[in-house]
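Heads up: the sequence shown runs through residues 1 to 100, numbered per my numbering. Virtual Cβ for every residue (Gly too), placed ideally from N, Cα, C. As the structure is a prediction and not an experimental result, all values here were calculated from the model. Okay, so here's the structure we're looking at.
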Amino acid sequence: WQDLLDAAMSTEPKRWREGIIAADGMLGELLTRLGYHSDATSEQLRSVPEGAFVTLPQAWEAHRIRNFIVQRNSNFILTQREAFRVMKLYEQVFEEFDFI
1 WQDLLDAAMS
11 TEPKRWREGI
21 IAADGMLGEL
31 LTRLGYHSDA
41 TSEQLRSVPE
51 GAFVTLPQAW
61 EAHRIRNFIV
71 QRNSNFILTQ
81 REAFRVMKLY
91 EQVFEEFDFI
């Protein structure tokens, strides 16, 4: 996890994106372990009942930003500050379940 946080603090925008994409993969793995099975993280998140865990809003927000950065036609500009903020959102989710 520390390597992914370090990527978010890098001066290289490519590493910010890679870190967020990797963290989203971890989110999908966590959701699978929690019993939410699907091919897509967004489908897994949709199947989580509201209130099932405290950090569900953070998971959704982080995943939404991940979607913005992987869309080719997106005008979303990822800054280092935003990359780090998104990584901290993922971190909150992972810490709730002792995943990291």
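Counting only residues of its own chain and dropping the five nearest sequence neighbours on each side, residue 83 has a CB closer than 6 Å to the CB of 8, 16. Residue environment: residue 81 is assigned as exposed (fewer than 16 neighbouring CB atoms within 10 Å of its CB, all protein chains considered). Of the residues assessed, residue 2 falls on the exposed side of the cut-off, its CB having fewer than 16 other CB atoms within 10 angstroms. Assigned with DSSP and collapsed to three states, residue 72 falls in coil, not helix or strand.
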